[in-house]
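Reviewing the structure listed below.
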Amino acid sequence: MNSLKKYAKGYIRELTTLLALAAIVIIFSMIAPRYLEIGNLMDIVEQGTVNGFLAIGVTCAIITGGIDLSVGSAMAVCVVTCGRLAVAGVPPVLVCVIGLALGAFIGLINGLLITKMNLQPFIATMGTNSVLRGVAYLITGGWPVLNIPSSYRDIFQFSLVPNLRMSMIFLILMAVIYSFVLKRRKTGIYIYSIGSNEEATKLSGVNTNRCKITAYMLCSMGAAMAGMVTLARLGTGEPTCGEGYELNAIAAAAIGGASLAGGKGTILGTVLGALILSALKIGLVVVGMDTFYQYIATGLIIIVAVYFETIQKNLSKIMGKKKA
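In the numbering used here, the protein residues as written are 1316 to 1639.
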């Protein structure tokens, strides 16, 4: 019993997020019973899958105490690049490998700008966000990439069992791999340490620059996966793809418990946060409200998450002083 309590205590934020997701589903189903129709539930999962890939990646950057505002544009570059390759007849598996490699390269650039040029993550990734969006337009001439072959689309759209597409399986696999890296590997542990106290981590002999670069590479690889899934789902490669998605990814991470100050966050919490946002969006549609309200909700969620984080820190300081 004690071990169960200890285990539950370690995942208190994730359990809270799960309860919030359940509450949203219950509330919308009471307002509109058709919210629980299988089609709507699958839309929640599908939309949560794309944002989940982005948010998992962004969580890695946030844990270091940084941010990545370029994930939406990185997603677009991967969409149009993979789209062009698929249409040209490149084998689908090779297209996916190239897409992931492209994502890693984009993350490498962001990491080098932050570590070697000493740019603030906000400024560096805001700049690459604009550059990458321009690259996406240059690749396509401003036009969408059409006629994506079914051989590529089936990689992500194929269902092993009814209503369980491969894209969802890939999200689960990515979540497991990233969780393992962050929690069980030295590099992941150092990433948390950098977010908590970078100077102390550096003084202990850790190559903090290399760990930061790794975090941003993981981040952009998440964007690449989101792009490849979107390409398969829509069947077209739009250079406008991913516009504004970075805020949804940040919001999902914040909902899931990632501290925007760094040093805290879990992949499980982030995935649940992504599902909350998609459940909210589908719920607004089902009850007949304009989906533009989602933008308001997303902004408020980020503000509230940061506010509660500040309150929590202040309470911790007060409790620490009392114990002293």
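Glycine is no exception: its CB is placed at the ideal position from the N, C-alpha and C atoms. These numbers were taken from a predicted model, which means no experiment stands behind them.
Tell me whether I1371 is buried or exposed, calling it buried when 16 or more other Cβ atoms sit within 10 Å of its Cβ.
Flag for I1371 reads buried.
Could you check what DSSP says for S1593 in three-state terms: helix, strand or coil?
Correct three-state label for S1593: helix.
Here's the rule: buried if 16 or more other CB atoms are within 10 angstroms of the residue's CB, otherwise exposed. What is S1508?
Its Cβ being crowded by 16 or more others within 10 Å, S1508 is buried.
Can you list the alpha helix (DSSP H) stretches of 4 or more residues lying completely in the segment 1327-1381, in chain order?
List check, alpha helix (DSSP H) in window: 1327-1346, 1353-1378.
Starting from S1474, trace the beta strand (DSSP E) both ways and give me its first and last residue.
Counting along the chain, the beta strand (DSSP E) containing S1474 begins and ends at 1474-1476.
Threshold first: 4 residues or longer. Then list the alpha helix (DSSP H) segments lying entirely within the segment 1381-1419, N to C.
Segments of the alpha helix (DSSP H) lying fully in the segment 1381-1419: 1386-1402.
Does the pairing of the segment 1384-1393 with the segment 1427-1446 give three or more beta-carbon distances under 8 Å?
Enough Cβ pairs lie closer than 8 Å, so yes.
Assuming A1569 and A1620 are in contact, meaning their beta carbons sit under 8 Å apart, how far apart are those beta carbons, in whole angstroms?
So it is a contact: roughly 4 Å between Cβ atoms.
Thinking just about the alpha-carbon of each residue, which of V1460, L1595, G1380 is nearest to the one in S1344?
The candidate whose alpha carbon is nearest that of S1344 is L1595.
Considering just the uninterrupted stretch of the alpha helix (DSSP H) at N1433, what are its terminal residues?
Neither: N1433 is in no alpha helix (DSSP H) and is coded neither H nor E.
Near S1535, which residues of its chain fall below 6 Å by C-beta distance, leaving aside the five closest residues on each side in sequence?
Cβ within range, chain order: A1389, G1418, I1421, G1422.
Name the residue from V1365, I1341, V1373 whose alpha carbon lies nearest to the alpha carbon of K1579.
For K1579, the nearest C-alpha among the options comes from V1373.
Specify whether the segment 1541-1558 and the segment 1344-1353 touch according to this definition: at least 3 beta carbon pairs, one from each stretch, less than 8 Å apart.
With the cut-off at 8 Å, the segment 1541-1558 and the segment 1344-1353 do not touch.
Can you name the start and end residues of the alpha helix (DSSP H) that G1577 belongs to?
It is not in any alpha helix (DSSP H) - G1577 carries neither H nor E in the DSSP assignment.
Starting from G1552, follow its DSSP beta bridges and name the residues at the other end.
Paired residue(s): V1460.
Do N1355 and I1597 have their C-beta atoms closer together than 8 Å?
It is a contact, given that the beta carbons lie within the stated cut-off.
So, I1378 versus I1506, is the Cβ gap smaller than 8 Å?
In this structure, I1506 lies closer than 8 Å to I1378 by Cβ.
Taking W1458 as the reference, which of E1553, S1574, M1604 has the closest Cα?
With distances taken between Cα atoms, W1458 lies closest to E1553.
Taking the alpha-carbon positions, what's the V1360 to L1351 distance?
Going from the Cα of V1360 to the Cα of L1351 covers about 12 Å.
Could you tell me the distance, in whole angstroms, from the CA atom of R1480 to the CA atom of I1487?
Distance between the alpha carbons of R1480 and I1487 is about 11 Å.
Sort M1357, I1618, I1339 by Cα distance to M1483 and report the nearest one.
Nearest option by C-alpha distance: M1357.
Smallest Cα separation from V1450: which of V1410, K1501, C1393?
Taking only the C-alpha atoms, the option nearest V1450 is C1393.
Where does R1480 sit, in a helix, a strand or coil, going by DSSP?
R1480 falls in the strand class under three-state DSSP.
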